[in-house]
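Participant: Its first residue numbered 1, the sequence shown is counted upward by one per residue in UniProt numbering.
For each residue, glycine too, the CB sits at the ideal point set by N, CA and C.
Structure below; questions to follow.
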Amino acid sequence: MRANPAAFLSLPLLAAGARHGHLHHHKVGRRHLETAVVTVTEIAYETVTQAPPADAPSALPPNNGTAPAPSTLPPKNGTAPAPSASPSNRAPSAVSSAIPPANGAIAYKPLVPVANSAILVNSCDYHIYVSSVGASSCGPGTDCQLVAANTTYSEKIRSCDHSGISLKLSRTKDMATPMQFEYTVWEDKKTVSYDISYLDCMKNANGEQDLSACPGHDGGIQAAAGADCPSYQCEANVWCPQEAYVVAEFDYKPGAPVGACGVEKGVAFEICAANR
């Protein structure tokens, strides 16, 4: 058997890094995706197999007398090769099926968004309060609205001038140490970015990694958009540095946990996701 180079194909790929930029309108964050062009060369090989002589003995069957079945085991490293878990180059998790996130740690039941809406599913066994906060250009928001256990908060996706919306949730009316879900409609009015932020409710002084004060984290948290767009999941009571913001601006490193999808598909967030 011999292998000969058969073809060379150059494929332009989009590689993106995300920056987490706060405009300081009620701590509302706006996410920007920056793109660059990377060229990858793929070499295809043509395999030619020489037929054995007519008098050559036939191959012996396996000991059990049956042909070996194709292996269903994963590669030796235990995971299929996949892009790194970033909002721009990770393989999107389909929210229409229970596909685990890129980190392979957990898989919650599918979170289905509502077209042109931002929804927050409270799957906890306790009520929360939600404030939808944005600049004046975003239009009217919501102030400390009660969302009972096992109910859903919903709002029409709001578009702002050079800023975004923060859905702040707390277990108390004073909205102390809120958990945040954020979304921003891009200037093209066709794309929306979304993320999970623990920045205002976490404890990380002196190397501490504590998210216990964040509403809903005790039951796990997730964010999703359309079926072909990225989803993000944080395991209950576990520090979540790759799927959510626990460092401001993601320390300006590539692979920030912010997704992008069509506005018409909607965005969805859930707390206590493991309860559903």
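1) If Leu169 and Pro230 are in contact, beta carbons under 8 Å, what's the gap, nearest whole angstrom?
2) Rounded to whole angstroms, what's the CA-CA distance from Val112 to Lys265? Just pull it up for me.
3) For a quick check, are the C-beta atoms of Glu155 and Ala115 less than 7 Å apart?
4) How close, in whole Å, do the beta carbons of Val267 and Ala225 come, if the pair is a contact with beta carbons under 8 Å?
5) Hey, quick one: how far does the beta strand (DSSP E) through Ser117 stretch, first residue to last?
6) In whole angstroms, what is the alpha-carbon distance linking Ala223 and His217?
7) Which whole-angstrom value is the C-beta distance of Thr177 and Ala213, which I expect to be below 8 Å?
8) State the Cα-Cα distance for the pair Ile206 and Leu146, rounded to the nearest angstrom.
9) What is the residue span of the beta strand (DSSP E) that Lys173 lies within?
10) Spatial neighbours of Lys203 within its chain, please: C-beta separation below 7 Å, excluding the five flanking residues on both sides.
11) Could you give the residue range of the beta strand (DSSP E) that holds Gln209?
12) For a test of the three-state rule: what should DSSP assign to Val40, helix, strand or coil?
13) What did DSSP end up calling residue 307 once you bin it into helix, strand or coil?
14) Does the separation of the CB atoms of Phe250 and Ala256 fall below 7 Å?
15) Give the DSSP-derived three-state secondary structure of Gly264 in the structure shown.
16) Got a sec, what are the start and stop residues for the beta strand (DSSP E) Ala223 sits in?
17) Run the CB neighbour count on Gly220, radius 10 Å, all protein chains shown included, and call it buried at 16 or more, exposed below.
18) Between Tyr198 and chain C, is any beta-carbon pair separated by less than 7 Å?
19) Compare the beta carbon distance of Ala107 and Asp125 with 7 Å and say whether it is the shorter of the two.
20) Report the residue from Leu120, Cys138, Ser197 whose alpha carbon sits nearest the alpha carbon of Gln242.
21) Can you name the start and end residues of the beta strand (DSSP E) that Tyr245 belongs to?
22) If the criterion is Cβ atoms closer than 7 Å, does the pair Val192 and Val258 meet it?
23) Hey, quick one: how far does the beta strand (DSSP E) through Thr191 stretch, first residue to last?
24) Look up Thr66 in the DSSP assignment and say whether it is helix, strand or coil.
25) Helix, strand or coil, according to DSSP, for Tyr129 in the structure here?
26) Decide if Val246 is buried, meaning its Cβ has at least 16 other Cβ atoms within 10 Å, or exposed.
27) Can you tell which of Pro110, Pro254, Leu120, Glu235 has the C-alpha that lies nearest to the C-alpha of Val130?
Facilitator: Straight from the coordinates:
1) The Cβ separation is near 22 Å, so there is no contact.
2) 10 Å
3) no
4) 5 Å
5) 117-122
6) Distance between the alpha carbons of Ala223 and His217 is about 13 Å.
7) Contact between Thr177 and Ala213 holds, with the beta-carbon distance rounding to 5 Å and staying under 8 Å.
8) Correcting the residue type first, residue 206 is Asn in the shown sequence and not Ile. Rounded to the nearest angstrom, the two C-alpha atoms are 34 Å apart.
9) Run containing Lys173: none; DSSP gives neither H nor E here.
10) Asp210, Ala213
11) Where Gln209 is concerned, there is no enclosing beta strand (DSSP E), given that its DSSP letter is neither H nor E.
12) Any reading at Val40 must be qualified, since the residue scores a pLDDT of 39, below 50, and its modelled position is unreliable; no value is offered.
13) For the chain, the structure presents residues 1 to 276; residue 307 sits outside this window and is missing.
14) Contact flag set, yes.
15) According to the sequence as given, residue 264 is Glu; it is not Gly. Look at Glu264 here: in three-state DSSP terms it is helix.
16) 221-224
17) Around the beta carbon of Gly220, 16 or more other beta carbons lie within 10 angstroms, which makes this residue buried.
18) Annotation note: the requested chain C is absent from the structure, which comprises a single protein chain.
19) It is not a contact, given that the beta carbons lie outside the stated cut-off.
20) Ser197
21) Per DSSP, Tyr245 belongs to no beta strand (DSSP E) and is neither H nor E.
22) no
23) 191-197
24) In this predicted model, Thr66 has a pLDDT of only 41, less than 50, meaning its place in the structure is not dependable; the value taken from the coordinates is given anyway. Reduced to three states, the DSSP call for Thr66 is coil.
25) The three-state secondary structure of Tyr129, taken from DSSP, is strand.
26) buried
27) Closest by alpha carbon: Leu120.
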